[in-house]
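Chains as they are written, first to last, in my numbering: chain E, 1 to 330; chain X, 1 to 282. The structure under discussion appears below in the form of C-alpha cells.
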Amino acid sequence: MNAVTSSATVSREPAPEPAGPRNEPGPHRGGPARASRRRRARTGWLFASPALLTIGAVTVFPVLFSVLLSFADVRLEYGGFSFRSLTGDHYAAVLSSPEWRQALAFTFGFTVVTVVLELVLGTAAALVLDRLGAARGWVLAVLLLPWALINVVAAQLWGYLFNGTYGGLTWFFEQLLGHQPDILGQPASAMGAMVVVDVWKTTPFVAIVVLAGLMLIPDDVYEAAEIDGAGAWTTFWKVTLPQLRPIMAIAVLFRILQAFGIFDLPFVLTQGGPGTATQSLAILGYKTLFQNLEIGRGAAVATSTAVIVIGCCLLFLRLFKAQADEGGRG
Amino acid sequence: MSRRAPASGIRRYLNVVNLGGLAIVVLSTLPLYWMLASSFKGPGEISAAPPTLAPTSPTLGNYAEAFVRNGIGRYLLNSVLVASVSTAVVLGLSFFAGYALARTPLRGRGPLMTVLLMLSVFPPIALVVPLFLLERQVGLLNSYAGLIVPYVALNLPFAIWIMRNYLVGIPHELEEAATVDGAGPLRIVLTVIAPLARPGLFTAGIFTFTATWAEFLLALTFNSEDGHRTVPVGIALFTSQYTVPYGTLFAGAVAATLPIGVLVLIFRRSIVSGMTSGAVKG
C-alpha cells in the first residue's frame, strides 16, 4: 500500500481533535444537550459501523484465524479444510530451518539497505525539488510515474534490462567490465539488482514526503542560522535535518513495513533465485503455502513475519522517541 | 550559489539544483521510455545487442499479439471492473466512517485511528492464508467478489484516514445551519458535507484505485484462472506461458500503464496531498 499519514503515529496523541467546543454544536452541559450528544454519538457509530465491520470481518478476524492456523494441524479437503490437534511444531520447524533463517537474513538486509538508500536519495531529491522553482510541478509529476507503475510491470521491465544476453544494462556493464555479466544469475548482483529496482520505484515517495516536511520549515529558522554565520552544510545538519526528523520517521516506518513484506519484485524478477539468494519471507511463505500446500507451516511463516515487522516498528518508534526526548533537552 | 554577475547563455542554468532536477527526470523516465520504445520493436530488434535506442522500423505487431492472442484485453477488463467497484465501495464506506470520526463524539476515536493506520500497512502475506481458506470454503475463489471484498477491506483504513483528516477541516457553521433548519444527520451528510468533501474523495479514490490496480499477491492466489486474472497476474505469468515474449509483454504493460499514468498526472495534486495527509496538518 502506498501510504503515509499523520504524525500521529510519532507524536503521542493518536488523533488530534480540534479544540473542544468547536467540535460540538450547542452547549455541553444539561439534560437536552447531553441527550443530543448521545444521539450524535449513536449517529456516529451508525455511520462508522459498515466500514468498521468490514475491516473487522475481512482483516482483523482472518489475522486471528491465521494465528490459530499456525498452531494447528490443518488439512485441505475437497471444498474445505479440517483441523486436528493444536501444536507448536510448525514454529519449531520453521524457526530452526536454514531456509527461514536465510529468508529472514535476506529480508532484513534488503529492508535496511533499501530504506537507508531511499532516505538519503529521497532527501537529496527533495532538497533539489524545494529549490527548483517553476519546474517543480512538472518534475513532481514525473516522479509520480515510477511510484504509480504496477510492481509487476516494473519488475518485468528491469528484468528485461538485466537480461543476461540482450539486456540494455547487461550490454552497458559489458562495455565497462570487458565481459558479459550475468547480473541476475549471481547472488550478490541479483540482490543488488533488486535493491536498484526498489530504490528506483520507491524513492519518489520518500522524496515527496520529505519535500512536504521541508516546506513546513519556517523561513526565520534559516535566517537565524544565516545570521549566526552557518554555512550551507552546517545549516543542513543543524537546522534542516532536526526539523525533518518527525516526517522522516513516518516515511521510514512505512518503508520498513513495505520492504519487509516484499513479494511482487522477487517473484517476477528473480523467483527468489539464484537458488534461494533473493527469497524473501513472503516468497518463502507463499511457496510453503501454495507449492508445498503446508497450510499450518505457511501460516507460521506469515505470522512470524508479521510479528517481527511489528516488533521492528515498535522498536524503531521507541528509539526515535528516546532520541527525540534527548535532543529536546540538549 | 554566490552572487556573481549573471553568466550568459547556457552557463546560467548549469547549477547543482538544475542538474539534480535533470537527473531526477532522466532517471525516472528513461526506463519507462525503454518500455514504450521496446513495445514498438520487432521480434529481432527487441533481443538485439547492442540495443537500439529507438525502434528502427516501428510496428504495432506486439499490440495486436497482446490483445488478440494473449487476451490482455480480458485482463484489463477484469482489472477495470475490480478496481472501479472496489474504489466505489471504499469511497462510500470511508466517507461515512470518516465523517463519524471527524464530527461525532465517538468514544475511543484516538486508539481506533491508530489501529486503522497500522492495518493500512499490515503485511498482506499474513492475510493470504486465512482469506484463501475462507474464500475456498464459501466458493469465492476465481470470482470478482473474491477480490473486491478483500480489496475493500484492505484499502478502507487508509481511505478513512484521508477522509477524516479532510473532513475535520470543513467549517462547522454550514452543518449547524442545516441542523437549525431541521435536517436529519443523513441529509446533512449527503447534501451539505458530501459536495464539500470532493477533494478528499478524489485523494482517497486515486489511492484506492492505484493500489487495487497494482495488487498482485491476492490476485495471484485467489484468481488464478485465466478468465478472472487481473493485469498484474497476466503480466507476471507471461513469462511462464511463452518464452519471454518481451515485445508482447511490453505492449500489454504499456496498455496497463497508460490509464493509471493519465490518472496520476491529472490527480497529481490529490496524490501529493494524500501522501502527506496529516503530516502537514499535524
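Glycine is no exception: its CB is placed at the ideal position from the N, C-alpha and C atoms.
Close to chain X, meaning a Cβ-Cβ distance shorter than 9 angstroms, are the following residues of the stretch 135-155 of chain E: Ala135, Arg136, Gly137, Trp138, Val139, Leu140, Ala141, Val142, Leu143, Leu144, Leu145, Pro146, Trp147, Ala148, Leu149, Ile150, Asn151, Val152, Val153, Ala154, Ala155. Under the Cβ criterion of 8 angstroms, Gly298 (chain E) is counted among the residues facing chain X. Residue state for Ala23 (chain X) is assigned as helix, using DSSP reduced to three classes. Counting only Cβ-Cβ distances below 8 angstroms, Gly168 (chain E) has contacts in chain X at Trp34, Pro51, in chain order. Nearest Cα to Thr114 (chain X) within the set X:Ile160, X:Leu186, X:Leu196: X:Ile160.
Taking a Cβ-Cβ cut-off of 7 angstroms, the neighbours of Pro150 (chain X) in chain E comprise Val58, given in sequence order. Around the CB of His179 (chain E), fewer than 16 other CB atoms lie within 10 Å, so the residue is classed as exposed. Bridge pairing for Gly80 (chain E): E:Glu77 [DSSP]. The beta carbon of Val233 (chain X) sits closer than 8 angstroms to the beta carbons of Tyr75, Phe216, Ala219, Leu220, Asn223, Ser224 from its chain, once the five residues preceding and following it are set aside; these are given in chain order. By the Cβ test, the stretch 91-98 of chain X is in contact with the stretch 202-213 of chain X, since at least three Cβ pairs between them sit closer than 8 angstroms.
The C-alpha of Val199 (chain E) lies about 33 angstroms from the C-alpha of Gly61 (chain X). When the five nearest sequence neighbours on each side are left out, the beta carbons in the same chain lying within less than 6 angstroms of the beta carbon of Glu294 (chain E) are those of Thr288, in order along the chain. The beta-carbon distance between Phe65 (chain E) and Pro130 (chain X), rounded to whole angstroms, is 4 angstroms. This is short enough to meet the 8 angstroms contact definition.
Assignment of beta-bridge partners to Ala72 (chain E) by DSSP yields E:Leu86. Note that the stretch 143-160 of chain E touches the stretch 23-43 of chain X; at least 3 beta-carbon pairs, one per stretch, sit closer than 8 angstroms. Among the residues of the stretch 89-110 of chain E, none has a Cβ less than 9 angstroms away from any Cβ of chain X. Within 9 angstroms of the CB of Ala259 (chain E), no CB atom of chain X is found; the nearest one sits about 10 angstroms away.
Cβ proximity to chain X below 8 angstroms picks out Trp200 from the stretch 182-203 of chain E. Restricting attention to alpha helix (DSSP H) runs no shorter than 4 residues, the stretch 165-215 of chain X encloses them at 173-180, 185-188, 198-214, ordered along the chain.
Under the Cβ criterion of 8 angstroms, Arg268 (chain X) is counted among the residues facing chain E.
Shown in chain order are the members of the stretch 85-115 of chain X whose Cβ falls below 7 angstroms from a Cβ of chain E: Leu93, Ser94, Phe96, Ala97, Tyr99, Ala100, Leu101, Thr104, Pro105, Leu106, Arg109, Gly110, Pro111, Met113, Thr114. Contacts with chain E at 8 angstroms (Cβ-Cβ) include Ser47 (chain X). Within a 10 Å sphere around the beta-carbon of Phe209 (chain X) sit 16 or more other beta-carbons, which makes this residue buried. In the three-state reduction of the DSSP assignment, Ile208 (chain E) falls in the helix class.
Measuring C-alpha to C-alpha distances from His228 (chain X) to each of X:Leu263, X:Leu141, X:Leu14, X:Ala100 identifies X:Leu141 as the nearest.
With 16 or more other Cβ atoms from the protein chains shown falling within 10 Å of its own Cβ, Val309 (chain E) counts as buried.
Between Thr107 (chain E) and Thr104 (chain X), the gap from beta carbon to beta carbon reaches 8 angstroms or more. Chain-ordered listing is empty here: chain X has no CB closer than 9 angstroms to the CB of Leu117 (chain E), the nearest sitting near 13 angstroms. For Ile150 (chain E), no alpha helix (DSSP H) encloses it, and the DSSP letter there is neither H nor E.
Counting the other CB atoms within 10 Å of its CB gives Asp220 (chain E) a total below 16, which places it among the exposed residues. For Leu131 (chain X), the neighbours in chain E by C-beta distance under 7 angstroms run, in chain order, Pro62. Annotation note: the stretch 222-250 of chain E contains the following uninterrupted alpha helix (DSSP H) runs of length 4 or greater, listed N- to C-terminal: 232-235.
The beta carbon of Phe122 (chain X) falls within 8 angstroms of a beta carbon belonging to chain E, placing the residue at that interface. A contact is defined here as three or more CB-CB pairs under 8 angstroms, and the stretch 299-307 of chain E meets this definition with respect to the stretch 74-91 of chain E.
Using beta-carbon distances, Tyr160 (chain E) counts as an interface residue toward chain X, with a partner under 8 angstroms. At a cut-off of 8 angstroms between beta-carbon atoms, Pro157 (chain X) makes contact with chain E.
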